[in-house]
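For the sequence shown, UniProt numbering assigns the number 1 to the initial residue and increments by one for each residue that follows.
All C-beta atoms, glycine included, are put in the ideal place defined by N, C-alpha and C.
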Amino acid sequence: MGAPRDGGRTLPDKFAFHGRHQAGIVTPQQLFAGFVGFDVLAEDRNGLTELFRRLTERSRVLAAGVKPKDERVASEQPTPDSLTITLGVGASLFDDRFGLSGHKPRHLKAMPAFPDDRLEPARCHGDLSLQICAQHPDAIVHVLRDLARETDGLLRPRWRADGFLNPSRPSGSPRTFVGFKDGIVNPDTGSAREMDRLMWVTPPCGEPDWALGGSYQVLRLIRFHVEKWDKVPVARQEKIFGRRKASGAPLDGENETDPPNYRKDPHGRKIPLDAHIRLANPRTHKTDDSRFLRRSYNYDSGFDKRGRMDLGLVFCAYQQDPERQFATVQRRLEHEPLADFITPIGGGYFFVLPGVQDSDDWFGSRLLKKL
Ligand code: HEM
Numbered sequence: 001m002g003a004p005r006d007g008g009r010t011l012p013d014k015f016a017f018h019g020r021h022q023a024g025i026v027t028p029q030q031l032f033a034g035f036v037g038f039d040v041l042a043e044d045r046n047g048l049t050e051l052f053r054r055l056t057e058r059s060r061v062l063a064a065g066v067k068p069k070d071e072r073v074a075s076e077q078p079t080p081d082s083l084t085i086t087l088g089v090g091a092s093l094f095d096d097r098f099g100l101s102g103h104k105p106r107h108l109k110a111m112p113a114f115p116d117d118r119l120e121p122a123r124c125h126g127d128l129s130l131q132i133c134a135q136h137p138d139a140i141v142h143v144l145r146d147l148a149r150e151t152d153g154l155l156r157p158r159w160r161a162d163g164f165l166n167p168s169r170p171s172g173s174p175r176t177f178v179g180f181k182d183g184i185v186n187p188d189t190g191s192a193r194e195m196d197r198l199m200w201v202t203p204p205c206g207e208p209d210w211a212l213g214g215s216y217q218v219l220r221l222i223r224f225h226v227e228k229w230d231k232v233p234v235a236r237q238e239k240i241f242g243r244r245k246a247s248g249a250p251l252d253g254e255n256e257t258d259p260p261n262y263r264k265d266p267h268g269r270k271i272p273l274d275a276h277i278r279l280a281n282p283r284t285h286k287t288d289d290s291r292f293l294r295r296s297y298n299y300d301s302g303f304d305k306r307g308r309m310d311l312g313l314v315f316c317a318y319q320q321d322p323e324r325q326f327a328t329v330q331r332r333l334e335h336e337p338l339a340d341f342i343t344p345i346g347g348g349y350f351f352v353l354p355g356v357q358d359s360d361d362w363f364g365s366r367l368l369k370k371l
């Protein structure tokens, strides 16, 4: 695929489909993603079980590199493309249609509107969420077509957001369309201890047994007002984020990976107290457990009816508890200076199911078999 566009990371061709957790969460981020919110058309629990089984079967073979059906004529060579397919469930799946109401994950609810939001109902929520990630954009479309055909009559799409990562320029974390490097700071996905503390549903979480090994996904479609942003001098933009635009370094550091030292700067002379990174993660003992994993992508949908660029971020966050983590951070960011330049317009809260254990298992089996 030519020069790496992801800061030099090389991804394995395939990610294991079976495991305690689904792939596509702590596995390294691919270059392209499709996020889709669906409503379930199945009418009863048997229909829902059939839907989950079919989604599992197709995801299993596609992740193993088997070509989606519509693409077979183009080439018979398997092209795994580092594909991951990650399935989540929304709060609405636990209404009275399938008898699941007593089994909802504790913290699952419809995404609320936060004060700076302008949510468009047609771009929010859903009974299910699918995150499809791969190294080429056509792979996403083929997989989506394949899954849609195989689940015909059981699912109806509600919204879709396609995303991509920009190349890293000149090096390090890739930039979003606000021009700053993004994704620099995240919890350590290599540390099982940190992941169990911040990401996965574990026994101390007090969640239903079937949910162990799952994680909460928060999706937010956030539009950037680039025309307005581009009029802001770079020095002001840097204060809004708390980082240098060129290097990505915090304003008190040299390199993008330098940690900011807020204790040495209690009055915000170097990094303003209301800078995005300082509010998002004040790095205190008290705020440590509100950290979460960001795995976001850019989107670009052309122009709106008034001729303004319609682009921004498909913000995607994974965590153990969306209230303790995402919502707490979002409240700290309320009315931050960056809020004048962005508007959240869609998304949803979902619970990403535990992983499919082996070739006999299927998505949601522990939930549906229990009943
Ligand atoms: C379109 C909106 C947003 C933009 C353009 C944006 C941009 C950035 C940038 C450039 C950074 C610094 C680089 C990095 O550490 O990755 C950053 C960090 C961060 N952002 Fe955002 N962000 C946005 C929305 C959000 C939202 C909605 C949240 C959570 C509610 C959030 C949470 C964070 C966190 C936790 C960090 C890491 C801070 C640290 O640990 O130092 N961001 N963001």
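Cut-off 6 Å between Cβ atoms - residues of its own chain near residue i, not counting five sequence neighbours on either side
i: P187; result: E194, L198, R291, L293
i: G19; result: G355
i: L108; result: A91, F351
i: T343; result: R118, R223
i: D289; result: none
i: F98; result: R45, L48
i: F94; result: L100, S101, K104
i: S129; result: G37, G88, F350
Beta-carbon spacing of residue i, residue j below 7 Å
i: residue 373; j: I140; result: The structure shown has nothing for residue 373, since the chain only spans 1 to 371.
i: residue 373; j: P203; result: Here the chain has residues from 1 to 371 only, and residue 373 is not among them.
i: A42; j: L147; result: no
i: E150; j: R58; result: yes
i: G88; j: V352; result: yes
i: G302; j: H125; result: no
i: P137; j: F38; result: no
i: W210; j: R45; result: no
i: G253; j: H21; result: no
For residue i, the nearest candidate out of the options (CA to CA)
i: Y262; options: L251, E256, N255; result: L251
i: G190; options: T27, V36, W362, K14; result: T27
i: V36; options: I132, A64, D258, L212; result: I132
i: A23; options: K305, D230, S301, A63; result: A63
i: residue 372; options: G253, F341, S359, T287; result: Since the first residue of the chain shown is 1 and the last is 371, residue 372 is not available in this structure.
i: G163; options: D310, G90, D340, F351; result: D310
i: A122; options: W159, L55, G19, V356; result: W159
i: K181; options: R156, T328, G248; result: G248
i: D96; options: S129, R156, A134, L48; result: L48
i: G34; options: P170, V234, T343, Y299; result: Y299
i: R60; options: S359, L368, R366, G364; result: S359
i: A161; options: Y297, G214, P233, D258; result: Y297
i: K245; options: F17, I184, D152; result: I184
i: P322; options: V201, F15, E50; result: V201
i: E256; options: S215, A211, R283, G172; result: G172
i: S215; options: N46, V232, T284, P105; result: P105
i: N100; options: K239, D127, K305; result: Per the sequence shown, residue 100 should be read as Leu rather than Asn. Checked all of K239, D127, K305; the closest Cα to L100 is D127.
i: D304; options: T86, H225, P78; result: H225
i: G268; options: R283, K239, D258; result: K239
i: A339; options: P266, F114, I25, P233; result: F114
Same chain, Cβ closer than 7 Å to residue i, neighbours up to 5 away in sequence not counted
i: F326; result: V218, F292, A317, Q319
i: W362; result: F52, R53, T56, V356
i: G364; result: F52, L353
i: R295; result: Q29, C316, Y318
i: A16; result: A23
i: G346; result: L119, E120, R123, C124, W159, L221
i: A3; result: Caution applies to A3, whose pLDDT of 35 falls short of 50 and renders its modelled position unreliable; the value that the coordinates give is listed next. Hits under 7 Å: none found.
i: R324; result: D289, S290
i: D258; result: A249, P250
Neighbourhood of residue i by C-beta, 8 Å cutoff - its chain only, sequence neighbours within 5 removed
i: W229; result: V178, Q237, F341
i: residue 373; result: Given that the chain is displayed from residue 1 to residue 371, the structure contains no residue 373 and the question cannot be resolved.
i: G242; result: P250, L251, P260, I271, P272, A275, H276, I277, R278
i: R169; result: R175
i: E227; result: R308, M309
i: Q135; result: M1, L11, Q30, L31, F32, D81, S82
i: L368; result: R45, L48, T49, F52
Problem set entry | Cβ contact (3+ pairs, closer than 8 Å) linking the stretch 268–288 and the stretch 327–344 | yes
Problem set entry | Three-pair Cβ contact test at 8 Å for the stretch 304–317 versus the stretch 213–230 | yes
Exercise. Using 8 Å as the Cβ pair cut-off and three pairs as the minimum, do the stretch 114–121 and the stretch 77–87 touch?
Worked result: no
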